[in-house]
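Counting in the working numbering, the sequence shown runs from 8 upward without gaps. Beta carbons: idealized from backbone N, C-alpha and C, even for Gly. This report refers to the structure that appears directly beneath it.
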Amino acid sequence: MTTQMATAQIRIPTALRQFAGNQPTFDVTASTVGQALSQLTAEYPDLGNHLYNNEGELRSFVNIYYDEEDIRYLDGQETPLSDGSEITIVPSIAGGAVEIEPLQGTLDGDEIMRYSRHLIMPEVAMGGQEKLKAAKVLLIGAGGLGSPLGLYLAAAGVGTIGMVDADEVDSTNLQRQILYGTSDVGVDKLEAAKNRLTDLNPYVKINEHRVRLTSDNALDILKDYDIVVDGTDNFPTRYLVNDACVILGKPNVYGSIFRFEGQVSVFYAEEGPCYRCLYPEPPPPGLVPSCAEGGVLGVLPGTVGAMQATETVKLILGIGDPLIGRLLRYDALGMEFREFKLRKDPRCPVCGENPTVTELIDYDEFCGFGGDHVEADEALTPEWEISAKELAAARAAGKKPVVIDVREPHEREIGFIPDSTLIPVGDVPARMSELNSADEIVLYCRTGVRSARALETLRSAGFGKLKNLVGGIHAWSDDVDPSIPKY
Ligand SMILES: [Zn+2]
8 MTTQMATAQI RIPTALRQFA GNQPTFDVTA STVGQALSQL TAEYPDLGNH LYNNEGELRS
68 FVNIYYDEED IRYLDGQETP LSDGSEITIV PSIAGGAVEI EPLQGTLDGD EIMRYSRHLI
128 MPEVAMGGQE KLKAAKVLLI GAGGLGSPLG LYLAAAGVGT IGMVDADEVD STNLQRQILY
188 GTSDVGVDKL EAAKNRLTDL NPYVKINEHR VRLTSDNALD ILKDYDIVVD GTDNFPTRYL
248 VNDACVILGK PNVYGSIFRF EGQVSVFYAE EGPCYRCLYP EPPPPGLVPS CAEGGVLGVL
308 PGTVGAMQAT ETVKLILGIG DPLIGRLLRY DALGMEFREF KLRKDPRCPV CGENPTVTEL
368 IDYDEFCGFG GDHVEADEAL TPEWEISAKE LAAARAAGKK PVVIDVREPH EREIGFIPDS
428 TLIPVGDVPA RMSELNSADE IVLYCRTGVR SARALETLRS AGFGKLKNLV GGIHAWSDDV
488 DPSIPKY
């Protein structure tokens, strides 16, 4: 067997650079990954103690990547080098990653009784419970994910829980947001949440941040917390939370839900990839529907939020293997879990070697939105719009515009505007031949977002006499016919 020598570069992660002369990279000439690493650790023996155990094996929290691939999926340390290749050291597991000073000797007799099931476990015990009491966790969003998160973290004795939310409880929340009851409908979410969580555990301090998280307030709100838990439902806030966590060096316990599917990970740029390493840019607006548009199984946020709560507690206690560098995907329909390895991207615009995002940006603009909760119909000028009252008045006056319902058949079963025809938005391009461009056409959906998209499709195909029903069937229910249910 011949050994071919090659020149390569080893990239050293921020967390380990202090043991490697603060160098971000190290050049080697070697034939295998193992030889290259030996040269590095011969130069910096301290680093060697962090990378290898007493048996000379790579420690379990260290991943070595050869270019884009984990060497465990290649030939391990025997993986041959080729000229110009890169070896990247990625410490993937971070037990004890978040350093929290336990509040020693502060648990009173009632608390000791309350937490007894924790105190008898050696992995938690008194020291762990005192760490939980000292911990400050910020929940972004007090909705589907925020509900189980708030309940379990408060029950577990996390001493300070901050919540960011500016909404009121509405009746469509109750299908999944188990923090609230029917009597809370119309009540400010944080007020209702604080009442419930304080009742659950009066030893927990609840900080209310009754604002929409923005680039102007995010760093100020996040900086006082040890861990940030992302329970948001929109891309601008998700990128904002990610970037703020990278800038502040905080772990971001991520969860997302849609219909029957959930994702969980821990993004912690000090130890592994961030959300942008995974998704450098958001999808264009409208491509990925929100839960409000696409729906979500009511139990799903319970499962995903409970997993986020588990990861949060582990990070505080410094036990187990956190989901750093791993994305867990949960499919409730198939009752299947799959795990994907996540790599830190050296070219990541936020946490990479040469970051281009070093302060918070305008995330609505970055995600292609013009503002908060932007609906596509806001892009339409008034001559393309009609209100529910105007449509009703036109009909009463004997005008009969062609009314097209662009929702899905299962939505039409809930209710529909009389004398309307169903053409789901996805079928509009194929079925536009059924429409006459000489007719006045009114398009509607649930709230006016999809119908605005359908209008654009028809307009670009040459239709000129189009109107979007502003507010959709909800507005029709509010202003014309309350017997049609809203959903
Ligand atoms: Zn990144």
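Kindly provide the ranges of any beta strand (DSSP E) runs that are 3 or more residues long and lie completely inside the segment 332-398, ordered along the chain. 333-338 and 343-348
In its own chain, which residues sit with a C-beta less than 7 Å from the C-beta of A161, not counting the 5 before and 5 after it? I168, L204, L207, N208 and V211
Distance check for K351 and G359, CA to CA, integer angstroms please. 8 Å
Cβ neighbours of H57 in the same chain (closer than 7 Å, five flanking residues each side left out): L23 and F26
Just to confirm, does G359 get its C-beta within under 8 Å of one of the non-hydrogen atoms of ligand 1? yes
State buried or exposed for D90, treating a residue as buried only when at least 16 other CB atoms are found within 10 Å of its CB. exposed
Does the distance from the CB of L429 to the CB of I448 come in under 9 Å? no
May I ask you to report which of helix, strand or coil DSSP gives D115? coil
Tell me the DSSP secondary structure of D434 in three-state form. helix
Burial state of I421, where buried means 16 or more other Cβ atoms lie within 10 Å: exposed
D352: beta carbon under 8 Å from a heavy atom of ligand 1? yes
Roughly how many angstroms separate the alpha carbons of D384 and H481, rounded to a whole number? Low confidence applies to D384: its pLDDT is 41, below 50, so where it sits in the model is not reliable, and the reading given next is rough at best. Each residue's Cα considered, the two are about 15 Å apart.
Which two residues bound the contiguous alpha helix (DSSP H) that contains D206? K196 to L207
For the candidate residues K143, P87, N214 and Y246, whose alpha-carbon lies nearest to that of I368? Y246
Taking the alpha carbon of Y187 as the reference point, which residue from P155, A173, K321 and V311 has its own alpha carbon closest? P155
Cutoff 8 Å; reference T319; Cβ partners in own chain excluding five residues on either side: V144, L156, L160, V165, I234, V236 and V260
For E93: DSSP bridge partner residues: Q16
Under the rule that 16 or more other beta-carbon atoms within 10 Å means buried, what is H380, buried or exposed? The predicted model places H380 with a pLDDT of 42, which falls under 50 and marks its position as unreliable, so this point remains unresolved.
Exposed unless 16 or more other CB atoms sit within 10 angstroms - verdict on E106: exposed
Between which two residues does the alpha helix (DSSP H) harbouring S484 extend? G479 to D486
Look at the alpha carbon of P129 and the alpha carbon of R414, and state the distance between them as a whole number of angstroms. 55 Å
Note down, one range per segment and in chain order, each beta strand (DSSP E) of at least 3 residues found wholly within the segment 112-170. 143-147
DSSP has E76 in a bridge; who is on the other side? Y73
Give a single yes or no on whether R333 has its beta carbon closer than 8 Å to a heavy atom of ligand 1. no
Please confirm whether any heavy atom of ligand 1 lies closer than 8 Å to the CB of R283. yes
Rounding to the nearest angstrom, what Cα-Cα distance links G301 and E418 in this structure? 11 Å
C-beta atoms of P356 and T363 nearer than 9 Å: yes
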